[in-house]
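What follows is a single structure, written as structure tokens, with notes after it.
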Amino acid sequence: MSKISAIICAYNEEKTIKEVVTTVCKYFFDEVIVVSDGSTDGTAKILGELQFLPSLKYIAPPENKGKGYAIVDFPFLGPH
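Mind the numbering: the sequence shown is residues 0 to 79 in numbering that gives the first Met the number 0, read in order.
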């Protein structure tokens, strides 16, 4: 069976990330991947508090590499 994943790229989104992630997790039951791409605000803390959501997978590269990297080149995607 196919698996559907939603990828959310976030950079310094502490004001909106909680609402966005909880809303998307309601509709994507397989997997919601959030890449907090080098955020320096409270984004990581908020995502840590949301780890109870079963479909959430949170990835935090240590430095900002850009949206393209988060979507296309990040290792969690496996071979493509």
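For glycine and all other residues, C-beta sits at the position ideal for the given N, C-alpha and C.
* For Ser-4, is the classification buried or exposed, using 16 other Cβ atoms within 10 angstroms of its Cβ as the cut-off for buried? -> Numbered from its first residue, the sequence shown carries residue 4 at position 5. It is exposed - the Cβ of Ser-4 has fewer than 16 other Cβ atoms within 10 Å.
* For Phe-104, which residues of its own chain have a beta-carbon under 8 Å away from its beta-carbon, when the five flanking residues on both sides are left out? -> Absent from the model: residue 104. The displayed extent of the chain is 0 to 79, so no value can be given.
* Asked: Of the choices Ile-7, Val-34 and Lys-44, whose alpha-carbon is the least far from that of Ile-58?
  -> Here residue 58 refers to the residue found at position 59 when the sequence shown is read from its first residue. It is Val-34 whose Cα lies nearest to the Cα of Ile-58.
* Return the chain-ordered list of same chain residues with a C-beta closer than 8 Å to the C-beta of Leu-52, the five sequence neighbours on each side being excluded. => Stepping through the sequence shown from its first residue, residue 52 is reached at position 53. Excluding residues within five positions, the ones whose Cβ falls inside 8 Å are Val-20, Thr-21, Cys-24 and Val-31.
* Asked: Taking the alpha carbon of Cys-8 as the point to measure from, which residue in Ala-43, Ser-1 and Asp-29 has its own alpha carbon closest?
  -> By one-based count along the sequence shown, residue 8 stands at place 9. When only C-alpha atoms are compared, the closest one is Ala-43.
* To do: Give the secondary structure of Ala-43 by DSSP, where H, G and I count as helix, E and B as strand, and everything else as coil.
  => By one-based count along the sequence shown, residue 43 stands at place 44. DSSP places Ala-43 in helix when its eight states are reduced to three.
* Below 6 Å CB to CB, which residues in the same chain sit around Ser-38 once its five sequence neighbours on both sides are set aside? => Position 39 of the sequence shown holds residue 38. Contacts found: Tyr-10 and Asn-11.
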